[in-house]
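Asker:
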Amino acid sequence: MSAGWGDGTRSVRAGLPDAVPGQPFLPGPVFAAPYHLDPWRGPAAAPDGYGRPDNPTRRLLEAAIGELEGGDCRVFASGQAAITGLLLTVLRPGDTVLLPADGYFPVRAFATDTLERIGVRVGLVPTAGPYPSFEGVRLVLLETPANPGLDVADVPALAAAAHAAGALLAVDNTTATPLGQRPLDLGADVVVASGTKALTGHSDLLLGYVATRDDALRDAVTGWRTTTGGVPGAFDCWLAHRSLATVDLRLARQAANAEALAGLLAGRPDVAGLRWPGRPADPAYPVASAQMRRMPGVLSFDLGDADRVARFLDASRLVAAATSFGGLHTTADRRAQWGDDTAPGFVRLSCGIEDPADLVADVAAALDAATG
Ligand SMILES: Cc1ncc(COP(=O)(O)O)c(C=O)c1O
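FYI, the numbering for the sequence shown is 1 to 372, going by UniProt numbering.
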């Protein structure tokens, strides 16, 4: 991978094997539980012996994501498997971990249940701060931009503060993707993410990953994954790798759609609490524009109550009611229906790759219908 290449070039080439005449650009998935072994030398003779620790399709995907994040990558069966794997690899009884108070809520649920039960102290901090002293803290996990509220944390400043206190800094890079920001370049020790969202973007698979430049941490995470077994299957790895080739194009259209919709929503009296970190009026804009390479395709706002959200979704032809985000199709999710700690009319809207003019016209008409 050439250091000077742009995002489109890096995405379409990421993780591909060297060209070999007669071979495909991206080899198809290798489906194997056991592989043939050398009867004399055993597993030492070949890189693959058993499917839980070893799979060549998975290794190509890890090479690709690792190139984009700028570190060594290990993929997991889902974002949750990656995040909980990192937490359980690093944390020991008596340690303290700080987590986002406004991030993806199953991470908090896992922490206050499983981690506290094994004697880990859990602190919750709003993404926008203020942050407490990191003295005595083992791990700080940021989620920036945070899902679903889209606040942003200052990664370089918090990495410096964490390191001064002897803590590790992890960043959940799900919403931004490695094209939107490179936390390892910003000073983070480790990246975790759900690849289920914009990274792969086709709403057809679950994936998670951990990426780091710390060899000991990489090996510990690898060992954790091998013994606990939360690996993605070969077909999902192949689909994910295939999807990575278009991530630059998809993100560009999603961000253009988010910008166009933010312009529409900001001017509507029937929409409150609009958040999109790419909007100069947004409180997150100063930090986001300093540390992010591009803005996400996700925005959030409040339509007041659940009925109005339902009327809006019913009236729209292009916004599908669905959870998750980052996919090709525009979707919107009323987060409170999942027990998330949000207001009843709070909506997270994820822009797809439709034409901006069509999307703006559709959302405007659906809001008119919902309000009327
Ligand atoms: C920020 C963030 N991190 C992690 C996850 C978990 O990812 P997965 O659903 O792939 O387990 C999600 C899922 O929505 C998320 O939004």
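A virtual CB, placed ideally from N, CA and C, is assigned to each residue, including glycine.
From a predicted model like this one, the values you see are computed outputs, not experimental measurements.
Among all the DSSP beta bridges, which residues are the ones paired with D38?
Answerer: For D38, which the question treats as bridged, DSSP gives the partners G42.
Asker: Tell me whether I126 counts as near ligand 1, meaning its Cβ is closer than 8 Å to at least one heavy atom of that ligand.
Answerer: It should be noted that the sequence gives Pro, not Ile, for residue 126. No - ligand 1 has no heavy atom lying nearer than 8 Å to the Cβ of P126.
Asker: Do you know offhand how far A252's Cα is from P130's?
Answerer: C-alpha separation (whole angstroms): 32 Å.
Asker: Quick one, which of G278, A332 and D314 has its alpha-carbon nearest D302's?
Answerer: The candidate whose alpha carbon is nearest that of D302 is A332.
Asker: So does the stretch 264-279 actually touch the stretch 217-228, counting three or more Cβ pairs closer than 8 Å?
Answerer: Flag = no, the stretch 264-279 and the stretch 217-228 do not touch.
Asker: Classify V107 as helix, strand or coil using the three-state DSSP reduction.
Answerer: DSSP places V107 in helix when its eight states are reduced to three.
Asker: Verify the contact flag: D236, CB atom, against every heavy atom of ligand 1, threshold strictly below 8 Å.
Answerer: No, since every heavy atom of ligand 1 falls outside the 8 Å radius drawn around the Cβ of D236.
Asker: Express the C-alpha separation of R41 and L60 in angstroms, rounding to a whole number.
Answerer: Between L60 and R41, the C-alpha separation is close to 25 Å.
Asker: At a threshold of 8 Å, does V97 count as lining ligand 1 (C-beta to nearest heavy atom)?
Answerer: No, ligand 1 has no heavy atom inside 8 Å of this Cβ.
Asker: Exposed or buried, which one is T227 when buried takes at least 16 other CB atoms within 10 Å?
Answerer: Classification of T227: exposed, given that the 10 Å Cβ count is below 16.
Asker: Which residues mark the beginning and the end of the alpha helix (DSSP H) in which Y209 is found?
Answerer: Looking at the DSSP string, Y209 is not in any alpha helix (DSSP H); the run it does join, the beta strand (DSSP E), is G208 to T212.
Asker: Apart from the five residues just before and just after A272, which ones in its own chain have a Cβ nearer than 6 Å to its Cβ?
Answerer: Excluding residues within five positions, the ones whose Cβ falls inside 6 Å are D302.
Asker: Pull up the distance between the alpha-carbon of V97 and that of L141, whole angstroms please.
Answerer: Between V97 and L141, the C-alpha separation is close to 8 Å.
Asker: Can you look up S300 in the DSSP assignment and give me helix, strand or coil?
Answerer: Strand, per DSSP.
Asker: Entirely within the stretch 174-242 and at least 4 residues each: give me those alpha helix (DSSP H) ranges in chain order.
Answerer: Those alpha helix (DSSP H) runs which fall completely within the stretch 174-242 and span 4+ residues are 177-180 and 215-228.
Asker: Check whether the Cβ atoms of G149 and T323 lie closer than 9 Å to each other.
Answerer: Against a cut-off of 9 Å, the Cβ pair of T323 and G149 comes out as no contact.
Asker: By the three-class DSSP mapping on this structure, what secondary structure does A245 have?
Answerer: Three-state DSSP puts A245 in coil, outside helix and strand.
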